[in-house]
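Q: Quick note: the sequence shown, position 429, residue 739 per our numbering, numbers continuous.
Beta carbons: idealized from backbone N, C-alpha and C, even for Gly.
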Amino acid sequence: MDKQKRSLLCAALMLTVVIAAACGAVKPAPPSMEVTAENQDPTGWCRVIDYGRFDPQRVDVFVGDFMSPTVPWYLFWTSTLETRTHELDNRIRSAPLTLADKIEVFKRLSPRRDPTFERKELRMERLVLSIAPTELALFKLALEYDGDYKDLEEYLFHDIDTIDYRNRILEHFRKAPRQNGVKVLSDVDDTLYANLLDSSRYPVKTVYPGVLEFYDALKHEPFAVKPTPVTLLSARPNPIAGDLEEASLRSLIRLTKGQLCPSALSGNVVSSVLGTLETVLRNKLDDPLHDYFANGNEQEIARVKFQNFVKFSEVYPEYRYVFVGDSGQADALTAQLMLSDRSAESTARVVTTFIHDITKPSPAFNLLPAEIIVKKTSANGRGVIVFRNYIEAAVIAHMHSETLGDLITAEELAKITHEALTQFQAIKFTADEPTVTRLRNEYRQDAEEAYKLLITGAQKSSADVSAIRTILDQGF
């Protein structure tokens, strides 16, 4: 295929992908969406913690006062920034605002789709700086995981353009008390559910057995949170004022029946579209085009995801991180960067990474250095843990509890294994019998290993351990 034909094909496919995404983005969520009373929020689609309810009247009055000029118009050009900030700080101090009120005010200062200017940016900065360090974790949690596309990375790195304001907020975030928290960052397709490259084994949009329990075990927050907060680390673009991203978040909440409350770090149009094209072409087309598209944009996709991670880590300097991806598109390279790129301080706070080994791995996965791949017999669990299902992922992490700080406990391993076996049995497979048999054997082998670990360790008896043995003995 000559260069001109390849270029034309790329252009046509790119246009198709963008149009399809745009069409899907503007569809409203269906009324049958399952959202429980616990995670429903008036302004979003999920809520991981109850931080109280804001007072609408108090917030309305404050916003009106807060947005009014700090000095008479005829003195504006002679006023200093110090004078303006002093006046704004006095207004905040004199208002009886609760934390829930401040969260709502912050959202109103930078509403969806509206541009922010210096006046609003300064007010956003002063409001954040008024929050006590001990309340920052709750403030950030509430804004990050509320079901819409406006997360903290969006607020700080897209809405606030004045570098000094942004840096003062980030400096304030570093005052939050250190705690043993872990944030879960995840890819979506073929990591959370089968889609682009794994549809030959599982029905499309099948949530992988045990993945939700696995994510719930990985996350560690200073509060009891439900549903599980997870941040999607994607190279997908945010092209239609956030509509596409928001539709994806709502779709994922529906797909997981409200068990996940996701936020998303978006990429850019070029890397996302070209990356998706590469994946589709590698999976579907003949050898000449397969070879041409094999490795062209993985570096760019991985770099976009890594840069998003670095920004996210600046917002959450008090946390450590785990990343879960798959072997199909750039995630292996992203994991490698998160573990070893010395240009970012945050890489030292990455506990470990997980890569789901699917049927058609990418070139980047095949080029992973052997020394960073974590095996069951490795001396250290920090690296790239390659796994075939989420029971095996939990087994390997649990075997490295000493170096990973009990990332997966025995109790959590038992629950993940039990749920994964139960969920596997409920899948209505459409694949051929040899494929399903091979999958079933893999799950059984890994469940037997988990069971052996559980009965020889401190966790010798529990309802989950007994259920694992029963399922296996009944001919799984």
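1) To the nearest angstrom, how far is the alpha carbon of Arg630 from that of Phe386?
2) So if DSSP puts Pro815 in a beta bridge, which residue, or which two residues, is it bridged to?
3) Is it the case that the Cβ atoms of Ile665 and Lys686 are separated by a distance below 8 Å?
4) At what residues does the alpha helix (DSSP H) containing Gly785 begin and finish?
5) List the whole-angstrom C-beta distance separating Ile668 from Ser637, where the pair is believed to meet the contact cut-off of C-beta under 8 Å.
6) According to DSSP, what are the bridge partners of Tyr629?
7) Reducing DSSP to helix, strand and coil, say where Thr408 ends up.
8) Mind checking Pro379: buried by the 16 CB within 10 Å criterion, or exposed?
9) Whole angstroms is fine: what's the gap from Arg613's alpha carbon to Asp399's?
10) Could you pull the start and end residues of the beta strand (DSSP E) that Thr662 belongs to?
11) Would you call the region 650-665 and the region 689-707 touching, i.e. three or more CB-CB distances under 8 Å?
12) Could you check where the alpha helix (DSSP H) with Val705 kicks off and where it finishes?
13) Which stretch, first to last residue, makes up the alpha helix (DSSP H) that contains Phe467?
14) For the pair the region 434-447 and the region 469-476, tell me if three or more CB-CB distances fall below 8 Å.
15) Can Pro513 and Lys738 be called in contact, C-beta distance under 8 Å?
16) What separation, rounded to the nearest whole angstrom, lies between the Cα atoms of Thr393 and Phe372?
17) Using CA coordinates, which residue listed in Leu575, Ser672, Leu507 and Glu397 is at the minimum distance from Leu462?
18) Rounded to the nearest angstrom, what separates Val634 and Val494 at their Cα positions?
19) With H, G and I counted as helix, E and B as strand and the rest as coil, what does DSSP make of Gly354?
20) How big is the Cα-Cα spacing for Leu446 and Val381?
21) Apart from the five residues on each side of it in sequence, which residues of its chain come closer than 7 Å, Cβ to Cβ, to Thr516?
22) Is the beta carbon of Val632 sitting closer than 8 Å to the one on Ser656?
23) Where in the region 493-529 do unbroken runs of the alpha helix (DSSP H), each at least 4 residues long, occur, reported from the N-terminal end onward?
24) Exposed or buried, Pro425, counting other C-beta atoms within 10 Å across all chains shown (16 or more means buried)?
25) Can you say whether Ser251 is buried or exposed, counting buried as having 16 or more other CB atoms within 10 angstroms of its CB?
26) Does the count of Cβ pairs from the region 749-766 and the region 526-534 closer than 8 Å reach three?
27) Where Leu543 and Lys430 are concerned, what is the direct C-alpha to C-alpha distance, given to the nearest angstrom?
28) Where does Arg363 land, buried or exposed, given buried means 16+ other C-beta within 10 angstroms?
29) Report, in whole angstroms, the separation of the C-beta atoms of Ile778 and Thr727, which I expect to be a contact under 8 Å.
30) Ignore the nearest five residues each way along the sequence and tell me which others in Ala534's own chain have a CB closer than 8 Å to its CB.
31) What would DSSP say about Asp636, mapped onto helix, strand or coil?
32) From Arg478 to Asn618, what distance separates their C-alpha atoms?
33) Taking the alpha carbon of Asp774 as the reference point, which residue from Gln639, Glu722, Met709 and Thr747 has its own alpha carbon closest?
34) Roughly how many angstroms lie between the CA atoms of Leu677 and Met648, to the nearest whole one?
35) Quick check on Pro352: buried or exposed, where buried means 16 or more other Cβ atoms within 10 Å of its Cβ?
A: On the basis of the data shown:
1) 44 Å
2) What is shown of the chain runs 311 to 786, which leaves residue 815 out entirely.
3) no
4) First-last for Gly785: undefined, no H or E at that position.
5) Contact between Ile668 and Ser637 is confirmed by a C-beta separation of about 6 Å, below the 8 Å threshold.
6) Gly491
7) Coil, per DSSP.
8) exposed
9) 39 Å
10) Val660 to His666
11) By the Cβ rule, the region 650-665 counts as touching the region 689-707, because three or more pairs are nearer than 8 Å.
12) Tyr700 to Met709
13) Run containing Phe467: none; DSSP gives neither H nor E here.
14) yes
15) yes
16) Roughly 20 Å between the two C-alpha positions.
17) Leu575
18) Across the structure, Val634 and Val494 are spaced so that their CA atoms are roughly 8 Å apart.
19) Bear in mind that the predicted position of Gly354 carries a pLDDT of just 43, short of 50, making it unreliable; the figure below should be weighed with that in mind. Three-state DSSP puts Gly354 in a strand.
20) 30 Å
21) Tyr503, Ala504 and Ile737
22) Annotated as distal: Val632 and Ser656, with beta-carbon spacing of 8 Å or more.
23) Note on the region 493-529: whole alpha helix (DSSP H) runs with a minimum of 4 residues are 521-528, in chain order.
24) By the 10 Å Cβ count, Pro425 comes out exposed.
25) In the structure displayed, the chain extends from 311 to 786; residue 251 sits before or after that span and is not available.
26) no
27) 28 Å
28) Burial call: exposed.
29) 5 Å
30) Ile359
31) strand
32) 20 Å
33) Glu722
34) If you take the alpha carbons of Leu677 and Met648, they lie about 16 Å apart.
35) The predicted model places Pro352 with a pLDDT of 38, which falls under 50 and marks its position as unreliable, so this point remains unresolved.
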